[in-house]
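Just below is one structure, and these are the notes that go with it.
Number of protein chains: 2
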Amino acid sequence: MHRQLFEHIKKFTDLDKEDTLVLSSLLKSFSVKKKQFLLEEGQVCRANYFVVKGCLRLYFIDIKGAEHTTQFAIENWWISDLTSFLFQKPSEFYIQASEATEITAIEHHHYEEIFRKIPKLERYFRLVLQKAHQASQMRIRYLYSMTGEERYHHFNNLFPNFVQRVPQYMLASYLGFTPEFLSKIRAKKV
Amino acid sequence: MHRQLFEHIKKFTDLDKEDTLVLSSLLKSFSVKKKQFLLEEGQVCRANYFVVKGCLRLYFIDIKGAEHTTQFAIENWWISDLTSFLFQKPSEFYIQASEATEITAIEHHHYEEIFRKIPKLERYFRLVLQKAHQASQMRIRYLYSMTGEERYHHFNNLFPNFVQRVPQYMLASYLGFTPEFLSKIRAKKV
Numbered sequence: 052m053h054r055q056l057f058e059h060i061k062k063f064t065d066l067d068k069e070d071t072l073v074l075s076s077l078l079k080s081f082s083v084k085k086k087q088f089l090l091e092e093g094q095v096c097r098a099n100y101f102v103v104k105g106c107l108r109l110y111f112i113d114i115k116g117a118e119h120t121t122q123f124a125i126e127n128w129w130i131s132d133l134t135s136f137l138f139q140k141p142s143e144f145y146i147q148a149s150e151a152t153e154i155t156a157i158e159h160h161h162y163e164e165i166f167r168k169i170p171k172l173e174r175y176f177r178l179v180l181q182k183a184h185q186a187s188q189m190r191i192r193y194l195y196s197m198t199g200e201e202r203y204h205h206f207n208n209l210f211p212n213f214v215q216r217v218p219q220y221m222l223a224s225y226l227g228f229t230p231e232f233l234s235k236i237r238a239k240k241v
Numbered sequence: 052m053h054r055q056l057f058e059h060i061k062k063f064t065d066l067d068k069e070d071t072l073v074l075s076s077l078l079k080s081f082s083v084k085k086k087q088f089l090l091e092e093g094q095v096c097r098a099n100y101f102v103v104k105g106c107l108r109l110y111f112i113d114i115k116g117a118e119h120t121t122q123f124a125i126e127n128w129w130i131s132d133l134t135s136f137l138f139q140k141p142s143e144f145y146i147q148a149s150e151a152t153e154i155t156a157i158e159h160h161h162y163e164e165i166f167r168k169i170p171k172l173e174r175y176f177r178l179v180l181q182k183a184h185q186a187s188q189m190r191i192r193y194l195y196s197m198t199g200e201e202r203y204h205h206f207n208n209l210f211p212n213f214v215q216r217v218p219q220y221m222l223a224s225y226l227g228f229t230p231e232f233l234s235k236i237r238a239k240k241v
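Here's what the structure looks like:
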């Protein structure tokens with residue numbers, strides 16, 4: 052149960068048998084179908100989600116009605132609306148499965164408990180959050196420093212398999228342009 | 052020495068005397084003048100900076116030559132270009148003092164060491180990074196969900212003193228509009 056998360060944790064910190072049992076009892080693993088929502092605007096984000104297999108995305112809808120994907124989470128990434136999750140207040144985001152996805156989740160009422168009972172998880176989540184914050188700093192930088200076409204090729208070079216996996220309109224909104232623009236770039240390359 | 056950082060750490064975790072001595076020996080406190088740079092594009096980010104007093108900002112210059120401030124750090128906040136700091140590669144950002152600023156810094160060659168020698172700091176930095184990542188998720192959200200004027204008033208309500216402290220053009224670039232637009236909004240309110 053929750054095997055993949057434990058393997059991921061093991062890369063960063065060593066949990067003993069007791070820690071593993073305690074953590075197991077506080078986790079929840081489940082599956083969601085493609086397009087299913089884990090969070091919708093106005094709801095409170097109940098959990099921090101770890102992707103075992105599949106893909107989740109965090110997005111919001113702007114005042115003009117356009118979707119903006121700000122984060123994807125594939126295998127071994129965590130995703131959550133932290134403001135809503137930490138303060139248990141209504142979210143301004145959506146979290147949706149862009150593929151059928153297997154998830155291991157930590158619900159809010161267990162979140163502080165895991166750190167109290169298993170202090171070694173502080174290191175694991177320090178590293179997870181450090182990576183997430185670093186990626187988010189770079190994403191903003193690239194949104195402004197490259198042309199749309201450069202951004203697509205840069206991203207395609209870094210994550211070629213991922214680019215094939217997600218629907219065009221989601222990828223376009225993540226890279227900060229329209230689906231039509233993405234089609235044009237792709238047409239050139241074929 | 053480094054008193055304010057220790058007081059900030061104390062809010063989140065308890066360091067014993069030995070921890071305090073070890074950490075003290077690995078920190079560096081110093082002052083920078085207004086407009087002085089701690090990092091310029093192309094340089095490697097040498098440290099993670101904690102603001103004791105004053106204000107630092109992280110910004111970049113886009114392909115059109117415009118400045119974009121993505122983060123401010125005032126008292127008790129940390130600031131760094133994480134990609135450059137963690138991987139010791141040339142930065143695509145600037146870190147500049149927007150006021151005369153007192154700083155306590157952890158240099159890169161001591162960064163892993165502090166966690167190895169003082170595991171309790173994992174909790175402190177997990178919470179610092181969690182807060183930074185949460186703030187960054189919300190900033191992106193607000194950039195798209197509010198009009199420029201709404202964004203200004205929202206930010207002004209949250210941080211009225213801060214809005215008075217920073218130069219108009221920096222605040223404008225953080226809020227995602229031009230200095231001219233900011234002058235117009237302010238003129239309306241006076």
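As given, the protein sequences belong to chains V and B, one line each in that order.
This note's numbering puts the first sequence at residues 52 to 241.
This note's numbering puts the second sequence at residues 52 to 241.
Ideal Cβ placement from N, Cα and C applies to all residues, glycine included.
On the DSSP bridge list, what partners appear for residue i?
i, result
"tyrosine 193 of chain V", "For tyrosine 193 of chain V, which the question treats as bridged, DSSP gives no partner whatsoever."
"serine 82 of chain B", "B:Glu153"
"isoleucine 130 of chain V", "V:Tyr100"
"threonine 120 of chain B", "B:Tyr110"
"leucine 90 of chain V", "V:Ile146"
"glutamate 158 of chain V", "V:Ala98"
"proline 141 of chain B", "B:Val95"
Alpha carbon to alpha carbon, what distance is there between residue j and residue i?
i, j, result
"tyrosine 145 of chain V", "valine 83 of chain B", "42 Å"
"valine 241 of chain V", "leucine 209 of chain V", "Because the pLDDT of valine 241 of chain V is 41, which lies under 50, any placement of that residue in the model is unreliable, and the number read from its coordinates should be weighed accordingly. Each residue's alpha carbon lies about 19 Å from the other."
"histidine 59 of chain B", "glutamate 201 of chain V", "42 Å"
"glycine 93 of chain B", "glutamine 94 of chain V", "43 Å"
"lysine 140 of chain B", "cysteine 96 of chain B", "8 Å"
"alanine 148 of chain V", "isoleucine 169 of chain V", "30 Å"
"leucine 137 of chain B", "histidine 159 of chain B", "7 Å"
"alanine 156 of chain B", "leucine 72 of chain B", "16 Å"
"alanine 151 of chain V", "glutamate 150 of chain B", "50 Å"
"leucine 194 of chain V", "leucine 109 of chain V", "17 Å"
"leucine 222 of chain V", "serine 75 of chain B", "46 Å"
Can you name the residues of chain V whose CB is closer than 8 Å to the CB of residue i?
i, result
"glutamate 137 of chain B", "Correcting the residue identity first, residue 137 of chain B is leucine in this sequence and not glutamate. Near leucine 137 of chain B (Cβ distances below 8 Å), the residues of chain V are Gln181 and Gln185."
"threonine 120 of chain B", "In chain order: nothing, as chain V lies at least about 11 Å away."
"threonine 134 of chain B", "Gln185, Gln188 and Met189"
What in chain V is Cβ-close to residue i, meaning under 7 Å?
i, result
"glutamate 173 of chain B", "Glu173, Arg174 and Arg177"
Applying a beta-carbon distance threshold of less than 9 Å, which residues of chain B neighbour residue i?
i, result
"isoleucine 114 of chain V", "Tyr195, Ser196, Met197 and Thr198"
"phenylalanine 111 of chain V", "Ile191, Arg192, Tyr195 and Ser196"
"phenylalanine 166 of chain V", "Arg174 and Arg177"
Is residue i near the ligand GDP - that is, is its Cβ less than 8 Å away from at least one heavy atom of it?
i, result
"serine 234 of chain V", "The ligand content of the structure shown is nil, which means the ligand GDP is not present either."
Should residue i go down as buried or exposed, given a rule of 16 or more other Cβ atoms within 10 Å for buried?
i, result
"asparagine 99 of chain V", "buried"
"arginine 192 of chain B", "buried"
"leucine 226 of chain V", "buried"
"serine 142 of chain V", "buried"
Taking Cβ-Cβ distances shorter than 7 Å, what residues in chain B pair up with residue i?
i, result
"glutamate 143 of chain V", "Arg192 and Ser196"
Could you say if the segment 176-195 of chain V and the segment 176-192 of chain B meet the contact criterion of at least three C-beta pairs nearer than 8 Å? Taking one beta carbon from each stretch, the segment 176-195 of chain V and the segment 176-192 of chain B have 3 or more pairs nearer than 8 Å; the two touch.
How about the segment 105-119 of chain V and the segment 63-73 of chain V: do they share at least three Cβ pairs that are nearer than 8 Å? Cβ pair count under 8 Å is below three, so no.
Is the segment 129-144 of chain V close to the segment 219-238 of chain V, with three or more CB pairs under 8 Å? Verdict: no, contact absent.
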